[in-house]
Structure formats: structure tokens, C-alpha cells
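The listed protein sequences derive, respectively, from chains A and B.
For the first sequence, position 18 matches number 18 in the numbering used here, and the numbering has no gaps at all.
Count along the second sequence starting at 1, add 125, and that's the number in the numbering used here.
Quick reminder that beta carbons are idealized off the backbone N, C-alpha and C, glycines included.
Taking it in order: structure first as C-alpha cells, then the write-up.
Protein chains: 2
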Amino acid sequence: MRIGDLAELAGVTQRTIRYYESIGLLAPGQREGHGHHYYTEETLLRLRKIDQLKRLGLSLEEIGEVIDLYFTDPSGIQPKQKVLVILRKHLDEAERKMDELQQFRSELQTHIERFEKFLNEAQYR
Amino acid sequence: MRIGDLAELAGVTQRTIRYYESIGLLAPGQREGHGHHYYTEETLLRLRKIDQLKRLGLSLEEIGEVIDLYFTDPSGIQPKQKVLVILRKHLDEAERKMDELQQFRSELQTHIERFEKFLNEAQYR
DNA sequence: TACAAATATAACGTTAACGTCATGTTTAGA
DNA sequence: TCTAAACATGACGTTAACGTTATATTTGTA
Chain A
1 MRIGDLAELA
11 GVTQRTIRYY
21 ESIGLLAPGQ
31 REGHGHHYYT
41 EETLLRLRKI
51 DQLKRLGLSL
61 EEIGEVIDLY
71 FTDPSGIQPK
81 QKVLVILRKH
91 LDEAERKMDE
101 LQQFRSELQT
111 HIERFEKFLN
121 EAQYR
Chain B
126 MRIGDLAELA
136 GVTQRTIRYY
146 ESIGLLAPGQ
156 REGHGHHYYT
166 EETLLRLRKI
176 DQLKRLGLSL
186 EEIGEVIDLY
196 FTDPSGIQPK
206 QKVLVILRKH
216 LDEAERKMDE
226 LQQFRSELQT
236 HIERFEKFLN
246 EAQYR
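Next comes the structure, spelled out in C-alpha cells:
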């Protein structure tokens, strides 16, 4: 498929795809000579994974550090120890964020309850 | 205290404090005429709360929408319904992020285990 | 009172992650 | 074959959240 279809299926703009290619996050689509680029299903999957990681708060640079894990078999990767370090770092951070989110959520709930109580009292007086 | 101490205690730069003042996230410190600004403990607490919310992924603009909740009593706030809406929005988002983080974490753990297994097998052969 | 250290203010710079033209080239279809 | 739609490439623009000078005041202290 070409860039227009890919963009639509992935829910991003063509500019985004080209930008990802320019920073090495995505391999440029195949092409013959100087014509258009053609992409496969795998690029689409990769774009979706990128989006998922983005929603988790990873920067494009961080995504670049782990994205290949999702598309290569373990025995093929070279600097394995380094990859392990990166994974553990992200794991720790994910757990920290979750803890803080828990705390934040209960604070929010407290505030909401306080407000609702106040509104009710004001209403029935 | 003056801006230097405040910055150090809060773990931010003076520039950050002035920037927050400029966008209305922080009230400028008191001063007589055209001299230096003086700050109180409350500004420090506010800076710390801002930092906490930032680490949760809220933008400064979003923080500006809820920060006053932490420093005003419920009966004093005017557009109460609107505040409730904002709180609920952030609560929903927090829960979504948590769900995705859970998923991400278990994926990470799977990958880590795969790598460790692979490394061990390579070691004992 | 003199002066170094801390502040105030203004203005230009920086990074990430694209958006938005502008212009030229390819490709599919009538 | 001709042409409109899609694509390629380049370059400048944008927003958030400050960083970094530069210059002018203000303050605490010897």
C-alpha cells in the first residue's frame, strides 16, 4: 500500500510517517527508483505499536530504544545485556508512575466527594 | 524567603518560578515598591504540588485548572460544576493510563523473561 | 559607605513532534 | 495520451516549558 492508505489505517498523517522515517523510527517504504514508496502490513503494526507506547508517555527516542523488541526474535538481537537494562528502566518507571497515579486517583476521588457533599447540602437548604 | 531559597527548596530554577508567575500558575511574591520579591511557605507547597502533578503527566495548563483545589476550601470556589467536570476528566484519564501501564508492564516482563532464558541457555552450552 | 552577591527584567535560544505551505514529479484511469 | 489525484522533497512555522545570556537594580555586610 502507499503512504495515503497507510496513514489513514494507522490514524496518523503522512507527515508523521515521513518524520518517523527521517529519525529512523520507521524504515522507509520500498520503491523502484525514484517513484512512490510502498508499505506492507508490518509497517502498519509498527505504527500502531509506536502509538501505544506514546500513549504510555514514552518519547519517540525512548520508543526507538525498545520498538525492535516487538518485531525481532530474541536470538537475533546483538547487544542483549543493554536491551535488558533498558527494559528494566522502563519497567521501574512504569511502576513508579502507577503508584503515583493510584495516589492521585484517590486524591481526586476525595475532592469529588467533598464537592458533591457540598453541592447537596447547598441544594437542600 | 527570597527567590533563591525558594528555588533551592523546591528543586527548580529561578527561571521556572518566574515562568510560572508569568503564566499565572503562581502568584508573584510580595514586595515593597520595586525591590525583591518575598515568598512564603505556601508558595513552596504549591511548587511541590505542581511538580507532583507534572510527574503524573499533566501539562502546566491542565495543572492550572485544578491546582487551586489543593489550596482553597470547597465552599469558596465559584464555578463548582465546572470543577467537577475537570476532576472527572482527569480521573478517567488516570484510570485509562493505569490500565495501559498494567498491560505494558506485563509485556515488559514477558520480554525480560524471554531474554533471561535465552541468555542462560547460551551460557550453559 | 562601598561593594560583592543576589535579584529583576528583557530578549533571544532550544528541543520535541510534528503542521503547513510551495513546488515539482508519479501514477492511475478516462 | 492526457490529466487530475496522489506522492516526494524542502523549507519555514508552531507550541510547551523552560535555558541562557546581558544589563540594570537592590541588599546584606565589612
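Chain-ordered residues of the region 88 to 110 of chain A with a beta carbon less than 9 Å from chain B = R88, H90, L91, A94, E95, R96, K97, M98, E100, L101, Q102, Q103, F104, R105, E107, L108, Q109
Could you give the residue range of the alpha helix (DSSP H) that holds S59 (chain A)?
-> Premise fails: S59 (chain A) is in no alpha helix (DSSP H) and is neither H nor E.
When you compare only the Cα positions, how much space is there between Q78 (chain A) and E133 (chain B)?
-> Reliability fails at Q78 (chain A), whose pLDDT of 49 lies under 50, so the model's placement of it is uncertain and no value is given.
In its own chain, which residues sit with a C-beta less than 8 Å from the C-beta of I188 (chain B), not counting the 5 before and 5 after it?
-> L150, I175, L178, K179
Does the beta carbon of G182 (chain B) come closer than 9 Å to any beta carbon on chain A?
-> yes
Out of curiosity, what's the CA-to-CA distance linking Y144 (chain B) and M98 (chain A)?
-> 29 Å
Partner residues on chain B for I17 (chain A), Cβ-Cβ distance less than 9 Å = At a beta-carbon threshold of 9 Å, none of the residues of chain B lie near I17 (chain A); the nearest stands roughly 23 Å away.
Residues in its own chain within less than 8 Å of I192 (chain B) by CB, not counting five upstream and five downstream?
-> Within the same chain, I192 (chain B) has close Cβ partners L150, R171, K174, I175, L178.
Does any CB atom of chain B fall closer than 9 Å to the CB of L69 (chain A)?
-> yes
Are the C-beta of L53 (chain A) and some C-beta of chain B separated by less than 9 Å?
-> Contact of L53 (chain A) with chain B is assigned, a C-beta pair being separated by under 9 Å.
Can you tell me whether DSSP reads Y163 (chain B) as helix, strand or coil?
-> strand
Name, in chain order, the residues that DSSP records as bridge partners for Q30 (chain A).
-> A:Y38
Taking Q103 (chain A) as the reference, which of B:L169, B:L181, B:R221 has the closest Cα?
-> B:L181
Throw me the rounded Cβ distance for the L169 (chain B) and H111 (chain A) pair, which I believe falls under 8 Å.
-> L169 (chain B) to H111 (chain A), Cβ: 21 Å. No contact.
Roughly how many angstroms lie between the CA atoms of A152 (chain B) and L58 (chain A), to the nearest whole one?
-> If you draw a straight line from the Cα of A152 (chain B) to the Cα of L58 (chain A), it is about 32 Å long.
Between Q234 (chain B) and F240 (chain B), what straight-line distance do the alpha-carbon atoms span, to the nearest angstrom?
-> Here the alpha carbon of Q234 (chain B) sits roughly 10 Å from the alpha carbon of F240 (chain B).
Please go through the same chain and pick out, in chain order, the residues whose beta-carbon is closer than 8 Å to the beta-carbon of G11 (chain A), but skip the five residues on each side of it.
-> Correct list, in chain order: D51.
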